[in-house]
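J.: Let me give you the structure first, and then I'll get to my questions.
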Amino acid sequence: MGAADRPLQVVVVCPWFFRGDAVGAAARETYAQLAARPDMRVTGLWTANDYDEVKGRKVETLADLLLDPDFLRADVIVYVFAVYHPFFDAVLLGNGHAKQVVRFHNVTPKRLMPEKHWPVIEKSFVQIQAFSGADALWADSRENAEELARNGQGGARVSVVPLGVEFPARARLADKPRARIELLYVGRFFQSKGVHELIQAADRLRRISTTPFVLRLVGNLRFSDPDYVEGLHALLRELDLGDSIDFVGAVSDAEMAAAYRRAHVLVTGSRHEGFCVPVIEGLAAGCVPVSYAISNLRYIADGLGVLALDDTPEALAEALKGVIDALGADGARRLWLDRGSMSVEAFDLAGSAYVEGFTRERFGERIAGRVRDLANPPPSPGTDAWYGGLPLE
231 MGAADRPLQV VVVCPWFFRG DAVGAAARET YAQLAARPDM RVTGLWTAND
281 YDEVKGRKVE TLADLLLDPD FLRADVIVYV FAVYHPFFDA VLLGNGHAKQ
331 VVRFHNVTPK RLMPEKHWPV IEKSFVQIQA FSGADALWAD SRENAEELAR
381 NGQGGARVSV VPLGVEFPAR ARLADKPRAR IELLYVGRFF QSKGVHELIQ
431 AADRLRRIST TPFVLRLVGN LRFSDPDYVE GLHALLRELD LGDSIDFVGA
481 VSDAEMAAAY RRAHVLVTGS RHEGFCVPVI EGLAAGCVPV SYAISNLRYI
531 ADGLGVLALD DTPEALAEAL KGVIDALGAD GARRLWLDRG SMSVEAFDLA
581 GSAYVEGFTR ERFGERIAGR VRDLANPPPS PGTDAWYGGL PLE
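In our numbering, each number is its position in the sequence shown, counted from 1, plus 230.
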């Protein structure tokens, strides 16, 4: 069998295929979508893997990675990057013949993280320079493409390839009860996620709105900062928000789906997002996104939400007030969104159509096509094999 007849050999390199982690989930989805293609043979390489369906092996060091037999025979190598790891230095060397792709998830700036994390964040930004050895850079979002450009990695190699999202629930805002409006935060608990500011916004919201509401805080505590979580509980006690906020923490998949189905608003006080999967999940479940106009939060909802006028808890509370008062029992059920005024029913239709661009199937089609084009680039104009859509003369 010739090289053109055999399956493409693809390796997905991610140090941590962790369940419950956005990057780990994205790495798993990248592996799964490529592995589902009959013309590809896909191997995962990692230091830790929570997913039985991801087939491959554990490698301990950069040297182990570079000498791995599947790495050496790969036609295309896909690296899933979000933070420094020695594995990503392999981009500078490759295996001598493979096309190399870096899937870029952005790096949280150190000013938003505890000081103990600063050294690895600094190393992460330095390591981005190694991506000059990549043939293609897949940015999850417009924000991430802009971040690559700010770090000297712009140009034709960069393309925006949105994540594939597995929606926990599908629901319509128009069908949800209005007696009490449910606000939902989904994410990790770190300073950069601004959960303390969200709590402060909820405290102000109960003073400026008469619409009954509850804010539920849902997130994986395994990947959160314990000191920050302790501080959040202290803030809740200080503000006496027991009736207005439910600190749920980790939940099962079924509980997560139920939380989305109940919620009217998906809210975050995050200071940095390279993508923000919960916004897409929320729109699919009939939730109005409300956030600061920061990083990819400026773009991800495509105007189907409300961005606060400035990045303060007070402004976030005002943005929330406009939404919950419209949705409450006495509200007009007409939303004033960044895209303009629309009925709840029109919001449901627009949100449902928009999230179709983020399905797992669309993601799989996008990345599989790009992998094939990298491994077997189409002939350039001017060559005998290029017809330009016209018959040969």
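Using N, Cα and C, we set each Cβ at its ideal position, and we do this for glycine too.
Determine the extent of the beta strand (DSSP E) in which Phe593 is found, giving its start and end residues.
T.: On the sequence shown, position 363 is the one that residue 593 refers to. No beta strand (DSSP E) contains Phe593, which is instead part of the alpha helix (DSSP H) from 590-605.
J.: Would DSSP call Met231 helix, strand or coil?
T.: Within the sequence shown, numbered from 1, the residue matching residue 231 stands at position 1. Its pLDDT being 37, under 50, Met231 is placed unreliably by the model, and nothing is read from it.
J.: Can the beta-carbon of Asp298 be found closer than 8 Å to that of Ala360?
T.: Translated into positions along the sequence shown, residue 298 becomes position 68. Translated into positions along the sequence shown, residue 360 becomes position 130. The answer is no: Cβ separation not under 8 Å.
J.: For Leu247, which residues does DSSP report across the bridge?
T.: Within the sequence shown, residue 247 is the residue found at index 17, counting from 1. The residue you asked about is not Leu; residue 247 is Phe in the sequence shown. Paired residue(s): Asn279.
J.: If you drop the 5 nearest sequence neighbours on each side, which residues of the same chain put their C-beta closer than 7 Å to that of Ala348?
T.: Position 118 of the sequence shown, counting from 1, holds the residue named residue 348. Before going further, note that residue 348 is Trp rather than Ala in the sequence given. Within the same chain, Trp348 has close Cβ partners Lys340.
J.: For Ala547, which residues of its own chain have a beta-carbon under 7 Å away from its beta-carbon, when the five flanking residues on both sides are left out?
T.: For the purposes of this step, residue 547 is taken as residue 317 along the sequence shown, with counting starting at 1. Here the set comprises Ala431, Arg434, Leu435, Ile438.
J.: At the level of alpha carbons, what is the spacing between Leu537 and Arg271?
T.: By one-based count along the sequence shown, residue 537 stands at place 307. By one-based count along the sequence shown, residue 271 stands at place 41. Their Cα atoms are separated by approximately 43 Å.
J.: Using a Cβ-Cβ cut-off of 7 Å (strictly less than) and excluding sequence neighbours within five positions of Ala328, which residues of its own chain qualify?
T.: Along the sequence shown, one-based indexing puts residue 328 at 98. Excluding residues within five positions, the ones whose Cβ falls inside 7 Å are Ala304, Asp305, Val306, Ile307.
J.: Taking the alpha helix (DSSP H) that Pro543 belongs to, which residues open and close that run?
T.: Translated into the one-based positions of the sequence shown, residue 543 becomes position 313. For Pro543, the uninterrupted alpha helix (DSSP H) run begins and ends at 543-557, by DSSP.
J.: Determine contact between the stretch 364-371 and the stretch 594-606, defined as no fewer than three beta-carbon pairs at a distance below 8 Å.
T.: yes
J.: Could you have a look at Thr338 and say whether DSSP puts it in helix, strand or coil?
T.: Residue numbering aside, residue 338 sits at position 108 when the sequence shown is read from its first letter. The answer is coil: DSSP assigns Thr338 none of H, G, I, E or B.
J.: Counting Cβ pairs closer than 8 Å, one from the stretch 570-588 and one from the stretch 496-516, do we hit at least three?
T.: yes
J.: To the nearest angstrom, how far is the alpha carbon of Leu323 from that of Ala523?
T.: Here residue 323 refers to the residue found at position 93 of the sequence shown. Here residue 523 refers to the residue found at position 293 of the sequence shown. Cα to Cα, the separation comes out at about 39 Å.
J.: How is Glu290 classed by DSSP in three states: helix, strand or coil?
T.: Taking the sequence shown and counting its residues from 1, the one referred to as residue 290 is at position 60. Note: Glu290 maps to coil in three-state DSSP.
J.: Based on DSSP bridge pairs, tell me the residues matched to Val574.
T.: Within the sequence shown, numbered from 1, the residue matching residue 574 stands at position 344. Val574 pairs with nothing; no bridge assigned.
J.: Just the Cα atoms here: how many angstroms apart are Gly326 and Leu295?
T.: Within the sequence shown, residue 326 is the residue found at index 96, counting from 1. Within the sequence shown, residue 295 is the residue found at index 65, counting from 1. Looking at the two C-alpha atoms, the distance is approximately 14 Å.
J.: So what does DSSP say about Phe317, is it helix, strand or coil?
T.: Taking the first residue of the sequence shown as 1, we reach residue 317 at position 87. Helix.
J.: Mind checking whether His315 and Ser422 have CB atoms under 8 Å apart?
T.: Here residue 315 refers to the residue found at position 85 of the sequence shown. Here residue 422 refers to the residue found at position 192 of the sequence shown. Here His315 is not near Ser422, since their CB atoms are 8 Å or more apart.
J.: Judging by CA-CA distance, which residue of Gly581, Gly254, Asp540 is the nearest neighbour of Glu427?
T.: As a first step, residue 427 is located in the sequence shown; it is residue number 197 there, counting from the start. Of Gly581, Gly254, Asp540, the smallest CA-CA separation from Glu427 is found for Asp540.
J.: Quick check on the DSSP output: what are the complete beta strand (DSSP E) runs of length 3 or more inside the stretch 355-409, in order along the chain?
T.: 366-369, 388-390
J.: Using beta-carbon positions only, say whether Pro344 and Asp251 come within less than 8 Å of one another.
T.: Indexing the sequence shown from 1 puts residue 344 at position 114. Indexing the sequence shown from 1 puts residue 251 at position 21. Not in contact: Pro344 and Asp251 (Cβ atoms no closer than 8 Å).
J.: Please report how far the alpha carbon of Ala576 lies from the alpha carbon of Ile411, in whole angstroms.
T.: Position 346 of the sequence shown, counting from 1, holds the residue named residue 576. Position 181 of the sequence shown, counting from 1, holds the residue named residue 411. Straight-line Cα distance between these residues: approximately 19 Å.
J.: Within 10 angstroms of the Cβ of Gly499, are there 16 or more other Cβ atoms? Answer buried if so, exposed if not.
T.: Within the sequence shown, residue 499 is the residue found at index 269, counting from 1. By the neighbour-count rule (16 or more Cβ atoms within 10 Å), Gly499 is buried.
J.: Quick one: grab the DSSP three-state call for Pro519.
T.: Counted from its first residue, the sequence shown places residue 519 at position 289. DSSP places Pro519 in strand when its eight states are reduced to three.
J.: When burial is assigned at 16 or more other CB atoms within 10 Å of the CB, is Leu527 buried or exposed?
T.: Translated into positions along the sequence shown, residue 527 becomes position 297. Its Cβ being crowded by 16 or more others within 10 Å, Leu527 is buried.
J.: Please list, in chain order, all residues of the same chain as Ala404 whose beta carbon is under 7 Å from its beta carbon, the five residues on each side excluded.
T.: Numbered from its first residue, the sequence shown carries residue 404 at position 174. Within the same chain, Ala404 has close Cβ partners Val574, Glu575, Asp578.
J.: By DSSP, does Pro621 sit in helix, in strand, or in coil?
T.: Within the sequence shown, numbered from 1, the residue matching residue 621 stands at position 391. With a pLDDT of 32 at Pro621, under the threshold of 50, the modelled position of that residue is not reliable, and no figure is offered here.
J.: CB Val518 to CB Ala549, shorter than 8 Å?
T.: Against the sequence shown, residue 518 aligns to sequence position 288. Against the sequence shown, residue 549 aligns to sequence position 319. For Val518 and Ala549, no; Cβs fall outside 8 Å.
J.: According to DSSP, is Gly178 helix, strand or coil?
T.: Since the first and last residues shown for the chain are 231 and 623, residue 178 lies out of range.
J.: Helix, strand or coil, according to DSSP, for Lys423 in the structure here?
T.: To locate residue 423, count along the sequence shown from 1; it is residue 193. Lys423 falls in the helix class under three-state DSSP.
J.: Residues in the same chain with beta-carbon distance under 8 Å from Leu534, minus the five sequence neighbours each way, listed in chain order, please.
T.: Looking up residue 534 in the sequence shown gives position 304. Cβ within range, chain order: Leu513, Val518, Pro519, Leu567, Asp568, Arg569, Phe577, Ala580, Gly581, Tyr584.
J.: Of the choices Val495, Arg418, Phe443, whose alpha-carbon is the least far from that of Ala480?
T.: Locating residue 480 in the sequence shown gives position 250, where the first residue counts as 1. Nearest of Val495, Arg418, Phe443 to Ala480, Cα basis: Arg418.
J.: So, are the CB atoms of Tyr309 and Val243 less than 8 Å apart?
T.: If you number the sequence shown from 1, residue 309 lands on position 79. If you number the sequence shown from 1, residue 243 lands on position 13. It is a contact, given that the beta carbons lie within the stated cut-off.
J.: Whose C-beta lies closer than 7 Å to the C-beta of Val321 among residues of the same chain, with five residues either side of it excluded?
T.: The residue you call residue 321 lines up with position 91 of the sequence shown. So the list reads Tyr309, Gln330, Val332, Ala360, Phe361, Gly363, Ala364, once near-sequence residues are dropped.
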